[in-house]
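So in the working numbering the end of the sequence shown lands on 554, straight run, no missing numbers. Below is one structure, written out as structure tokens, with a few remarks after it.
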Amino acid sequence: MTLYYLIIIFGLLLFAYTAISLSSAKKKVNQHDNSFKKLSEYFDQVKLKVTLWKYYFTAGNERNFLRNILLTIIIFFFFHVLNYLYLKIDKFIFLAVFIFLFLTIVWKLGQRRNRKEFEEMFPEVIQILNSATSSGAGLLQALERCGKDISGQIGEEFTNVHKRLAIGEDPTSVFEDSYTRYPYKEYYFFITIIRVNLDKGGQMREVIMRLGRVIADSKKMEKKKSAMTSEARMSAMIVASFPVAFFIFMKFMMPENFDFLLNDPGGRMILYYVLGSEVLGMLIIWWLMRKAT
């Protein structure tokens with residue numbers, strides 16, 4: 262009887278092994294067929310991210326590149342001296358942390374600045390397009406007018422779009438390139454309307470007016486959510502400032518304890534723990550705020 266069960270178990274294991282091997286072989290074949298395509302797509306995404314990061318770093322103006330590089334070097338030396346005098350973190354760890362924070366902060370601040378400018382100026386784009394189409398102007402003339410009448414990066418973007426369309430570039434590639442710099446759903450709907458109008462024609466004015474109303478309603482909702490979470494955000498900032506304020510207080514009122522935190526190995530471990538828990542707590546609060554809104 263025992264031999265019977267062993268044979269059944271062996272057969273089931275053999276079947277499972279064969280099925281797994283066959284599935285693995287199929288995956289390897291599919292991966293081999295699609296590996297070059299996936300690798301090419303991956304490098305395209307990396308190139309796009311690098312280009313967008315540089316766009317955020319220069320605020321859309323290439324002339325700001327050298328100035329911002331100089332400011333970055335000054336900030337790096339400031340924190341390097343601060344680390345040498347007080348924190349005393351290993352230089353390689355400090356360099357890695359600085360580079361990571363630098364790339365992340367530029368990316369996040371660039372996204373926030375881009376989004377803020379887009380929300381402020383895009384309703385004006387809708388109004389200009391409505392007035393231009395109502396007066397009988399063509400789509401290219403309306404886009405040209407947006408570039409001339411609107412200042413800042415949004416105006417430069419529409420000027421660039423108009424120039425590329427005027428010389429006969431493919432509208433799909435032009436608007437996809439523009440969308441990478443403003444990857445927002447409102448802009449996606451807008452360029453979809455423009456592309457459909459260029460391909461098939463139609464009553465663009467009515468659709469643009471509806472889009473304008475949707476954007477206005479969405480903006481009101483965003484302001485309402487921001488007002489609802491303002492108290493929680495302010496409380497988080499106040500709580501986060503307590504360790505920094507206490508650290509400064511120790512410098513002048515308790516110099517022995519301050520020296521222990523900076524120069525003793527055990528004290529530095531406490532200092533690193535406080536800094537780490539502070540960063541972790543702020544990240545958790547930020548995550549909860551995003552989930553709530």
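Just so it is clear, CB atoms sit at the ideal spot from N, CA and C, and this is done for glycine as well.
Residue from the options with nearest C-alpha to residue i
i                 : options                        : result
glutamate 381     : Leu370, Lys352, Tyr317, Ile476 : Ile476
glutamate 385     : Ile509, Gly473, Asp520, Ser491 : Gly473
serine 496        : Trp547, Phe355, Asn329         : Trp547
valine 555        : Asn329, Ile366, Ile387, Val422 : Residue 555 lies beyond the range of the chain shown here (262 to 554); nothing can be said about it.
aspartate 465     : Ser395, Asn344, Gly537, Leu362 : The identity of residue 465 in the sequence shown is methionine, whereas the question assumes aspartate. Here the closest residue by C-alpha is Ser395.
leucine 309       : Glu517, Tyr440, Ile335         : Tyr440
leucine 459       : Met482, Lys480, Val435, Pro444 : Val435
arginine 456      : Asp438, Lys512, Pro432, Phe383 : Pro432
isoleucine 330    : Asn518, Leu364, Ser491         : Leu364
aspartate 438     : Leu313, Tyr303, Lys484         : Leu313
glycine 377       : Ala398, Lys484, Phe450, Phe338 : A small correction: the amino acid at residue 377 is lysine; glycine does not occupy that position in the sequence shown. Comparing Cα positions, the closest option is Lys484.
proline 516       : Phe338, Arg324, Tyr347         : Tyr347
leucine 426       : Tyr445, Pro444, Lys409, Gln402 : Gln402
valine 311        : Arg324, Trp368, Phe338         : Trp368
tyrosine 445      : Asn518, Ser479, Glu430, Met514 : Ser479
phenylalanine 338 : Gln306, Asn524, Glu492, Phe355 : Phe355
Endpoints, alpha helix (DSSP H) assigned at residue i
i             : result
proline 432   : 432-442
arginine 471  : 465-514
leucine 400   : 400-410
serine 395    : 352-395
arginine 328  : 326-343
glutamate 556 : No statement about residue 556 is possible, as the shown extent of the chain runs from 262 to 554 and does not include it.
glutamate 447 : 446-461
Whole-angstrom C-beta distance between residue j and residue i, which should lie under 8 Å
i                 : j              : result
phenylalanine 379 : isoleucine 411 : Contact doesn't hold; Cβ gap of about 11 Å is too wide.
alanine 501       : methionine 550 : Not quite, the Cβ-Cβ distance comes to about 13 Å (not below 8 Å), so this is no contact.
phenylalanine 326 : threonine 333  : Rounded, the Cβ-Cβ distance is 11 Å, inconsistent with contact.
phenylalanine 419 : leucine 400    : Actually they are not in contact, since the Cβ atoms of phenylalanine 419 and leucine 400 sit about 12 Å apart, beyond 8 Å.
leucine 522       : isoleucine 509 : About 12 Å; that fails the 8 Å criterion.
Classification of residue i by the beta-carbon crowding that lies within 10 angstroms, buried from 16 upward
i                 : result
isoleucine 545    : exposed
valine 422        : buried
glutamate 447     : buried
isoleucine 336    : exposed
arginine 452      : Rather than arginine, the amino acid found at residue 452 in this sequence is isoleucine. It is buried - the Cβ of isoleucine 452 has at least 16 other Cβ atoms within 10 Å.
leucine 343       : exposed
leucine 300       : exposed
alanine 506       : exposed
glycine 537       : exposed
phenylalanine 383 : buried
tyrosine 357      : Checking the sequence shown, residue 357 turns out to be alanine, not tyrosine. When all chains shown are included, alanine 357 counts as exposed.
valine 290        : With a pLDDT of 45 at valine 290, under the threshold of 50, the predicted position of this residue should be treated as unreliable, though the coordinate-derived value follows. Result: exposed.
glycine 397       : exposed
glycine 371       : buried
glycine 408       : buried
threonine 488     : For the record, residue 488 in the displayed sequence is alanine; it is not threonine. By the neighbour-count rule (16 or more Cβ atoms within 10 Å), alanine 488 is not buried but exposed.
lysine 552        : exposed
Short Cβ contact (8 Å threshold) for residue i with residue j
i                 : j                 : result
valine 540        : proline 504       : no
arginine 442      : tyrosine 345      : no
asparagine 391    : methionine 470    : yes
leucine 428       : arginine 406      : As written in the sequence, residue 428 is isoleucine, which differs from the leucine given in the question. No; because the gap between Cβ atoms is not below 8 Å, this pair is not in contact.
phenylalanine 340 : phenylalanine 359 : yes
lysine 349        : arginine 529      : yes
glutamate 417     : glycine 321       : yes
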